[in-house]
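Notes to accompany the following structure.
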Amino acid sequence: MDKGFSPSVALVAVAVAAMCVGCSIKEDRSLCPCSLALDFSDVEASVADMSEVYISAPGGFLYHDEEAVLGMAEAEVSGEVRRVYSVDVPKTQVDVSVVSGAGGGFVPGKGISIRTGEQCPPVFLHYSRLDAVAEWRIVPVKLRKDYCRIDIRMLASAGEYPFRLTVKGNVCGINADRSVAEGSFSYSFVPDSDGSGAVRVPRQLDNSLVLQVLDGDRVLREFALGEYIAESGFDWTQEDLADVGVEIDYANSYIKVKVAEWSGSFGFDIVI
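Residues in the sequence shown are numbered consecutively from 1, following our numbering.
Structure follows, in structure tokens:
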């Protein structure tokens, strides 16, 4: 056996050949399907292994595989061994969505909706619209991190606990094409004994995120969280969203924001 051609590669080659059975040269090959090879080679394995594949096309064609990892195999592409997932689709325009980490919350054609009181799932998404009119086509899968985890720590004396933190915004989901879904977002949590907690938010349109500190239903303080994050240079349009750390010190009246290697502090006035 050729050392550059593994058994798994051979299996893929046989599968591709089998797709062409029944589509002879004399027949109308426009009726034959297009074989899509979704290339996961550049996706981190832990993310790829949780992937679901959704494919839709005009006329109602819909394909869904909730365990795409079981269909992945090695294939030789342009002289390189790649990790691919192959599926037959009609020769027409198709929408391809690959989702990882949505926990079953992705709806074909709609995307992910975040209900009030819930946070964004730790989701990675790929979307592409393409013309599947050839015998086969390779689709590079780029699963992008479409959520930001905001770690929040409140520095306060023990006597100031417990209180509740609420993060509010104007993006309530992610559309199927990865654009943001506008709507009310609200997620609350009680900090742990260290004053720490976290919230996952979807990609934002602007700097409208706010953080409220509540005692029961009474708002003790509201912070322009989105504005502070913007001051850090954070870019909501980056392909893979970074995570953010926020530290609020009531005693010394400052808020500290950290994104990757950058950090900055901002003063604020205490309102009693």
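Glycine residues also receive a C-beta, built at the ideal position from the N, C-alpha and C atoms. Note that the structure is a prediction, hence the values are computed from the model and not measured.
*Unbroken beta strand (DSSP E) runs of length 3 or more, entirely within the segment 169-243: which are they?*
180-189, 196-202, 210-215, 218-223
*Helix, strand or coil for VAL43, going by three-state DSSP, please let me know.*
Note: VAL43 maps to coil in three-state DSSP.
*Considering MET50, what are the terminal residues of the beta strand (DSSP E) in which it resides?*
Unbroken run through MET50: none, as it is neither H nor E.
*asked:* In the DSSP output, what is CYS34 paired with across the bridge?
replied: VAL89
*Would you list the one or two residues that DSSP bridges to ILE138?*
ALA37
*Rounded straight-line distance, which links the Cα of ARG129 to that of ASP95*: Near 4 Å, if we compare the C-alpha coordinates of ARG129 and ASP95.
_Three-state class that DSSP yields for VAL21 in the structure shown_ = At VAL21 the pLDDT is 46, less than 50, meaning the model places this residue with poor confidence; the figure from the coordinates comes in the next sentence. It is coil, neither helix nor strand.
*Should GLY104 and ALA176 be called a contact, given that it needs their Cβ atoms to be closer than 8 Å?*
no
*asked:* Out of ALA57, TYR254, TYR85, SER56, which one is the CA nearest neighbour of GLU67?
replied: TYR85
*For GLY111, the first and last residue of its enclosing beta strand (DSSP E)*: 111-113
*Could you please give me the residues that DSSP links to CYS148 through a beta bridge?*
Per DSSP, VAL201.
*Does the distance from the CB of SER97 to the CB of TYR147 come in under 8 Å?*
No, Cβ-Cβ distance for SER97 and TYR147 is not below 8 Å.
*For ALA45, does the count of other Cβ atoms within 10 angstroms reach 16, so buried, or fall short, so exposed?*
exposed
*Report yes if the CB atom of PHE223 is closer than 8 Å to the CB atom of ILE255, and no otherwise.*
One thing to note: PHE223 has its Cβ within 8 Å of the Cβ of ILE255.
*Return helix, strand or coil for VAL69, following the three-state DSSP convention.*
helix
*Tell me which same chain residues have a C-beta within less than 6 Å of the C-beta of TYR127, skipping the five on either side of it?*
SER97, ASP177, ARG178
_Quick check: what's the CA-CA separation for LEU38 versus TRP136?_
In this structure, the straight-line span from the alpha carbon of LEU38 to that of TRP136 is close to 11 Å.
*Contact with chain C by ARG149, beta-carbon distance below 8 Å*: Among the protein chains of the structure shown there is no chain C, as only one such chain exists.
*asked:* Closest to VAL201 by C-alpha separation, out of VAL167, VAL43, VAL47, would be which residue?
replied: VAL167
*Residues near GLN93 by beta carbon distance below 8 Å, same chain, minus five either side*: ALA57, PRO58, ARG129, LEU130, ASP131, ALA132
*Contact under 8 Å by Cβ, ILE152 with ALA198*: In this structure, ALA198 lies closer than 8 Å to ILE152 by Cβ.
_Report the CB separation of PHE106 from VAL47 in whole angstroms; it is logged as a contact under 8 Å._
About 15 Å separates the two Cβ atoms, so there is no contact after all.
_If you reduce the DSSP assignment to three classes, tell me which class PRO7 lands in._
In this prediction, PRO7 has a pLDDT of 32, which is less than 50 and means its spatial position is unreliable; nothing more can be read from the coordinates.
*asked:* In whole angstroms, give me the CA-to-CA distance for SER193 and LEU155.
replied: 11 Å
*asked:* Looking at VAL89: is its Cβ nearer than 8 Å to the Cβ of LEU165?
replied: In this structure, LEU165 does not lie closer than 8 Å to VAL89 by Cβ.
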